[in-house]
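Novice: Please find one structure pasted underneath; my questions will follow.
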Amino acid sequence: MCFIKAFSILIAMSFLLPGACFSQEGYEEKEISKIGFVKNDGANVRAGDNVNFTSLCNLEKGDPIKIMGKRYSWYKVILPRKACVYIRKDFVGDVSEKGEAGVIAERVNLRAGADTKYAILGQISKPEKIHIVAEEAGWYKIFPPEGTSGWIHSSQLRFSIEGISSKPEPVDEVVKPGAKKDNGVKLMLKKKNPNGNLTFSTQGKQ
Numbered sequence: 001m002c003f004i005k006a007f008s009i010l011i012a013m014s015f016l017l018p019g020a021c022f023s024q025e026g027y028e029e030k031e032i033s034k035i036g037f038v039k040n041d042g043a044n045v046r047a048g049d050n051v052n053f054t055s056l057c058n059l060e061k062g063d064p065i066k067i068m069g070k071r072y073s074w075y076k077v078i079l080p081r082k083a084c085v086y087i088r089k090d091f092v093g094d095v096s097e098k099g100e101a102g103v104i105a106e107r108v109n110l111r112a113g114a115d116t117k118y119a120i121l122g123q124i125s126k127p128e129k130i131h132i133v134a135e136e137a138g139w140y141k142i143f144p145p146e147g148t149s150g151w152i153h154s155s156q157l158r159f160s161i162e163g164i165s166s167k168p169e170p171v172d173e174v175v176k177p178g179a180k181k182d183n184g185v186k187l188m189l190k191k192k193n194p195n196g197n198l199t200f201s202t203q204g205k206q
């Protein structure tokens, strides 16, 4: 009995004391709003926050992507246009020649594949419009509606663009008369001296 009573007290304390066991801190999704840039070609955007989820598309190095939040070491991002999603055909109205159609139901799930076993990426309601890319066994493959999200690993993003540096201001150059073209020596035009003559400075291989 004493053991049971002591165990009950420990359980109660775990809910009352801050920072006690069973704390969920660090496991909740954190909201973020900023732009990231892809570090490597072929970076996967997935339907969830681990590698077991379906890959929705591959990005190229330098591609910008809007970040919505973070969970563990994964960023929740707005899906780019190349990442098509799926919607049940019976929740969609007539399709125009341009492939446009309206949703005819409320809170329709958008999924990562043409089956209910695939992860839900968002929802859409009537009378919102969609753009259809293809039809697959009772499902439409569509461009992702605004706000549809996926996940990318934090190791695949950086927050500055690589390979961009400021260019020096252009300088007028005058090649020294009679100089050989391959000697690498050039004269840099600087300014006129008080006598009205041009002055030069040398620049080249030492």
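Take the sequence shown: its letter number 174 is residue 174 in our numbering, and every next letter is one higher. We put the beta carbon where it would ideally sit given N, CA and C, even for glycine.
1. Taking all protein chains shown into account, decide if residue 72 is buried (16 or more other Cβ within 10 angstroms of its Cβ) or exposed.
2. Please confirm whether residue 107 and residue 123 have their CB atoms less than 7 Å apart.
3. Where does residue 49 land, buried or exposed, given buried means 16+ other C-beta within 10 angstroms?
4. Within a Cβ cutoff of 8 Å, which residues of the same chain sit near residue 53, ignoring the five residues on either side of it in sequence?
5. Just the Cα atoms here: how many angstroms apart are residue 83 and residue 114?
6. Buried or exposed, going by whether 16 or more other CB atoms sit within 10 Å of the CB of residue 170?
7. Quick one: which unbroken beta strand (DSSP E) runs of 3-plus residues sit fully inside the stretch 103 to 147? Chain order, please.
8. 7 Å is my cut-off, CB to CB: does residue 131 come that close to chain C?
9. For residue 35, does the count of other Cβ atoms within 10 angstroms reach 16, so buried, or fall short, so exposed?
Specialist: Put simply:
1. Counted from its first residue, the sequence shown places residue 72 at position 72. Exposed, since its Cβ has fewer than 16 Cβ neighbours within 10 Å.
2. On the sequence shown, position 107 is the one that residue 107 refers to. On the sequence shown, position 123 is the one that residue 123 refers to. Contact flag set, yes.
3. As a working mapping, residue 49 is identified with position 49 in the sequence shown. The C-beta of residue 49 has 16 or more other C-beta atoms within 10 Å across all chains shown, which makes the residue buried.
4. Stepping through the sequence shown from its first residue, residue 53 is reached at position 53. Answer for residue 53: 46, 47, 112, 119 and 151, listed in chain order.
5. Counting from 1 along the sequence shown, the entry for residue 83 is found at position 83. Counting from 1 along the sequence shown, the entry for residue 114 is found at position 114. Using only the alpha carbons, I get a separation of about 14 Å.
6. The residue you call residue 170 lines up with position 170 of the sequence shown. Only weak support exists for where residue 170 lies, its pLDDT of 45 falling under 50; the coordinates are left without a value.
7. 108 to 111, 120 to 124, 129 to 136 and 139 to 142
8. Among the chains of the structure shown, chain C does not appear; only one protein chain is present.
9. Here residue 35 is taken as the residue at index 35 of the sequence shown, counted from 1. Exposed, because fewer than 16 other Cβ atoms sit within 10 Å of the Cβ of residue 35.
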